[in-house]
Amino acid sequence: MKANRIHNFNPGPAALPLSALEEIQENFLNFSGSGMSIIEISHRSKQFDDVINDAVARTKRLLQLDDSYQVLFLQGGASMQFAMIPLNFLSPGSSADYVDTGTWSSKAIQEAQIQGKSIKVVASSADKNYAYIPRNITFNKDAVFVHITSNNTIKGTQWAKFPDTKGVPIICDMSSDIMSRPVDVHKFGLIYAGAQKNVGPAGVCLAIIRKDLLDWIPDTVPTMLKYSTFAAKNSLHNTPPCFAVYTVDLVLKWLEETIGGLDKMAALNRQKADLLYDFIDAGGFYRATAEPDSRSLMNVTFRLPNEDLEKQFVGQALENGLAGLKGHRSVGGCRASLYNAVSLDAVESLVDFMKTFEKAHG
Ligand SMILES: Cc1ncc(COP(=O)(O)O)c(C=O)c1O
C-alpha cells in the first residue's frame, strides 16, 4: 500500500524520490541478503563497501569527473566546510576572494575571519538585500581560491553562469543545487554540498575535490578536519554516516536510471521553475523577490500583498496537501523549493492552489 504522501516544498531536509524511499523500506530489515539492516552492518563490510563505491562511481558519472577529482563523504554539514576551507587552504601569506550573496556566503566569510585568515570580499549583493547575483567581478590575481555559493537557498538567487576567475580555482557551496544541472567541473577546486536538499538526507556532506589541493594542506590541521584524511581512506577514516551515504546512493541511482542524467534533470527543473515564475509574473497578487536574471530554479521566493495573507496562504496550502511553503524565518514571505525530487505535477498543483487563493483574496 502506498503511504499517504503530500507535495513537499520544504527547503531542506526536503523531498526525496519515492523510488529511493521505497527501496529503503523494502530492504530495511535485510540488506543485501545479510540478514541485518543497513544501519546494523559494519562500515568495513563488503556490503557497505559496495554502497560507498557505487555512490562515488555514480557521482563521477553524473558530473563527468575525471581522475583529477576525488569524491568524499564528510560529516558536520556544509557549515563544517565553512571552517575547513580556510583551515586547509589558506596558509600565512596567502589570500582568497569571497563573493557575498547572502546568509550562507556570509557565514563562510565569517568562519575565515574568525581564524584570522586573509580574505577579500570582492563583491556583495547586500545593498539590495541579496536579491541579485553580482556581475563583472574583478578577482584578485593572487587569490588562491574564489569562494561562491551557487544557489542561495534563503534569498532565492542562483548563479546562472559561473564567473570567469581566470584560472583561479572556485570553491563552491552547492548545497542547494548540486546535481540539479550539469556543471563544468574543471573550474572548481572544491565543490561541497550538505546532502539534505537535492541528494539525500541530513547527516552527510558530499565533497568533490581536485586532488592537487590535497597537497596544500598544512600538517598542523587536526586529523578530523583535514580533507586529506578522508581522501586517503575513501571517506572511511572513521565511521561514516552509513545510512545517509546509502540513501545518497539510491537518489543518484534514480537520477541516472529513472531521470536519465543531469541534462534531463536540468530541463525538468527549468520547466518546473518557469511554470511557477511565469504564473507569478503574469499577475500582480504574488511578487517574486529575486531579480529576474538572478532567480533560483531551486528556491522560488515570493511575497503576497501582506504578512497576514502570507500566513493564511501557508496554512491553507498545507490543508490542501502542499507542505513547506513558509519563507525562511530571517526574511519572511513564502518560498517553494523545487528540488530534483519535486515533480512537475506538484508544481502544477501549487499553481492551481495559488490561482484559487488569489481568487478568494485578490
Ligand atoms: C547554501 C547552503 N549552504 C549551507 C547550508 C548549511 O548546511 P548544513 O545545515 O548542512 O550545515 C545550507 C542550509 O540550508 C544552505 O542552504
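The opening residue of the sequence shown carries number 0 in numbering that gives the first Met the number 0; numbering runs sequentially from there. In this text, a Cβ means the ideal position worked out from N, Cα and C, and glycines have one as well. Note that this is a predicted model, so its numbers are computed, not measured.
Taking the Cβ atom as the reference point for each residue, do residue i and residue j lie within a distance shorter than 9 angstroms?
i	j	result
T156	S31	no
S123	T100	yes
A2	V341	no
F88	I170	yes
A82	E110	yes
A230	L86	no
L303	F278	no
K252	D53	yes
I258	N150	no
A192	D172	yes
T152	M297	yes
F352	N319	yes
Apart from the five residues just before and just after residue i, which ones in its own chain have a Cβ nearer than 7 angstroms to its Cβ?
i	result
A335	F8, L275, V299, L324 and L349
E290	A130 and Y131
V250	L15, P16, A19, V198 and G199
V50	V244, Y245 and D248
S33	I40 and Q46
H42	L235, T238, P239 and C241
K116	P85 and L89
Take residue i and list the residues in its own chain whose beta-carbon comes closer than 6 angstroms to its own, dropping the five residues that flank it on each side.
i	result
Y97	I108, I118, V120 and H146
G202	P240 and A243
M35	none
Thinking C-alpha only, which one of the options is nearest residue i?
i	options	result
K196	L189, C204 and D183	C204
Y68	Q270, K116 and H185	H185
P217	S90, L321 and G332	S90
K271	A345, A95 and Q80	A345
N128	Q315, K154, K140 and S149	K154
F356	T102, Q80, E347 and Q315	Q315
R209	L64, M173, N29 and Q24	L64
T137	K165, A281 and Q80	K165
K358	G331, V313 and G282	G282
Give me, in chain order, the residues of the same chain whose beta-carbon lies closer than 8 angstroms to that of residue i; leave out the 5 immediate sequence neighbours on both sides.
i	result
Q112	I118
A159	I132, D292 and S293
> Does the region 171 to 190 come within contact of the region 54 to 64, defined as at least 3 CB pairs closer than 8 angstroms?
Replying inline: yes
> Is the region 304 to 315 in contact with the region 325 to 341, if contact means three or more CB pairs nearer than 8 angstroms?
Replying inline: yes
> When a residue counts only if its C-beta is closer than 6 angstroms to some heavy atom of ligand 1, which residues count, in chain order?
Replying inline: G11, G76, A77, S78, W103, T148, T152, D172, S174, S175 and G193
> Any chance the region 225 to 235 sits against the region 210 to 217, with 3 or more Cβ pairs inside 8 angstroms?
Replying inline: yes
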